[in-house]
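J.: Sequential numbering of the sequence shown, starting at 80, is according to our numbering.
We treat Cβ as the ideally placed atom computed from N, Cα and C, and that holds for glycine.
Mind looking over this structure? Questions follow.
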Amino acid sequence: MREAIAFVLALALGGAGQGLAGETAKAIGDPEAGAEVWIFCSGCHQIGPDAEAGIGPPLTGIFGRRMGSIEGFPYSRSMTRMGRDGLVWSLETLDAYIENPRVLVSGTRMSFDGLENPTERADLLAFLREFSDKPSNIPEAAPTARADRPVLSEATLAIVGDPAYGEYLSSECTTCHQRDGSDRGIPSITLWPDEDFVVAMHAYKQKLRPHPVMQMMASRLSDEEIAALAAYFGKLGL
80 MREAIAFVLA
90 LALGGAGQGL
100 AGETAKAIGD
110 PEAGAEVWIF
120 CSGCHQIGPD
130 AEAGIGPPLT
140 GIFGRRMGSI
150 EGFPYSRSMT
160 RMGRDGLVWS
170 LETLDAYIEN
180 PRVLVSGTRM
190 SFDGLENPTE
200 RADLLAFLRE
210 FSDKPSNIPE
220 AAPTARADRP
230 VLSEATLAIV
240 GDPAYGEYLS
250 SECTTCHQRD
260 GSDRGIPSIT
270 LWPDEDFVVA
280 MHAYKQKLRP
290 HPVMQMMASR
300 LSDEEIAALA
310 AYFGKLGL
């Protein structure tokens with residue numbers, strides 16, 4: 080398998096007519112190591128030509144697939160909503176989801192807590208790409224390209240938000256979201272861990288999450304304002 084992978088990458092990296100994209104292509108991770116990480120997923124998901132839905136949907140052809148689009152599978156409302164908003168599984172969105180599912184999709188039914196180790200995630204993504212037909216042998220092509228995107232600094236994550244300021248800012252949020260934490264077609268944002276709230280808002284700000292209204296709202300907020308909202312909603316109702 081390793082020789083086949085090397086041959087595929089050699090074609091992508093050095094094939095005639097590849098141009099600049101071919102010159103800049105690089106491997107995501109080690110798919111053979113990713114096959115070992117796959118054990119964490121295999122209790123709920125199947126992959127391969129004969130994969131079927133189980134506890135989770137099949138992951139064959141996941142790259143480039145719109146979220147929540149397997150016909151007949153009972154996705155959560157949050158997952159279905161994100162698919163309607165246009166979220167497509169790419170290297171970037173899968174990496175974020177595997178790292179912390181609830182940050183990317185609040186209300187997801189996936190019980191997996193997330194995979195913190197970036198090397199293990201990269202290896203797993205390389206393994207998944209082996210089962211996505213069109214992009215599997217084109218590492219630099221969307222949706223398997225690892226895009227350069229802003230990364231939250233430790234300083235941003237360390238900001239201690241002022242809940243009183245967050246309450247002052249919260250009126251636009253509560254136009255749609257309920258202060259009592261109920262879900263009336265729009266997911267609750269109360270009692271989230273502060274860091275999850277901050278990362279989710281920056282995901283909208285960086286256009287990782289696709290909802291256009293939330294992207295617009297997040298783009299208006301400074302790091303300090305996002306932290307303040309996180310502090311306010313994180314303790315609302317306690």
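1. Going residue by residue through the segment 142 to 181, where are the continuous alpha helix (DSSP H) segments of at least 4 residues, counting only ones entirely within it?
2. For ALA132, I'd like the list of residues in its chain whose CB is within less than 6 Å of its CB, leaving aside the five on either flank, ordered along the chain.
3. I need the DSSP call for ASP212, collapsed to helix, strand or coil.
4. Along the chain, where does the alpha helix (DSSP H) that runs through LEU194 open and close?
5. Can you say whether ALA224 is buried or exposed, counting buried as having 16 or more other CB atoms within 10 angstroms of its CB?
6. Take every Cβ of the segment 201 to 210, pair it with every Cβ of the segment 105 to 116, and state whether three or more of those distances are shorter than 8 Å.
7. Determine, using beta carbons only, whether GLU274 and LEU248 come nearer to each other than 9 Å.
8. Leaving out five residues on either side along the sequence, give the residues of the same chain with a beta carbon under 8 Å from the beta carbon of ALA239.
9. Can you tell me the Cα-Cα spacing of ARG263 and GLN257, whole angstroms?
10. Here's a check: name, in chain order, each residue in its chain whose Cβ is nearer than 6 Å to the Cβ of SER169, leaving out the five neighbours to either side.
11. Kindly confirm or deny that the segment 112 to 129 and the segment 188 to 202 touch, where touching means at least three C-beta pairs closer than 8 Å.
12. Look at the alpha carbon of ARG288 and the alpha carbon of ALA282, and state the distance between them as a whole number of angstroms.
T.: The answer reads as follows:
1. 156 to 163 and 170 to 178
2. Numbered from its first residue, the sequence shown carries residue 132 at position 53. Within the same chain, ALA132 has close Cβ partners PHE152.
3. Position 133 of the sequence shown, counted from the start, is the residue given in the question as residue 212. Coil at ASP212, not helix or strand.
4. Taking the sequence shown and counting its residues from 1, the one referred to as residue 194 is at position 115. No alpha helix (DSSP H) holds LEU194; DSSP gives it neither H nor E.
5. On the sequence shown, position 145 is the one that residue 224 refers to. ALA224 comes out buried.
6. yes
7. The sequence position of residue 274 within the sequence shown is 195, counting from 1. The sequence position of residue 248 within the sequence shown is 169, counting from 1. Their beta carbons are not under 9 Å apart, which means GLU274 does not touch LEU248 by this criterion.
8. As a first step, residue 239 must be located in the sequence shown, where it is residue number 160. The identity of residue 239 in the sequence shown is Val, whereas the question assumes Ala. The answer, listed in chain order, is ALA306 and ALA310.
9. Your numbering for residue 263 matches position 184 in the sequence shown. Your numbering for residue 257 matches position 178 in the sequence shown. Spanning the two alpha carbons is a distance of roughly 8 Å.
10. Taking the first residue of the sequence shown as position 1, residue 169 is located at position 90. So the qualifying residues of the chain are PRO222.
11. yes
12. Taking the sequence shown and counting its residues from 1, one reaches residue 288 at position 209. Taking the sequence shown and counting its residues from 1, one reaches residue 282 at position 203. Whole-angstrom Cα-Cα distance: 6 Å.
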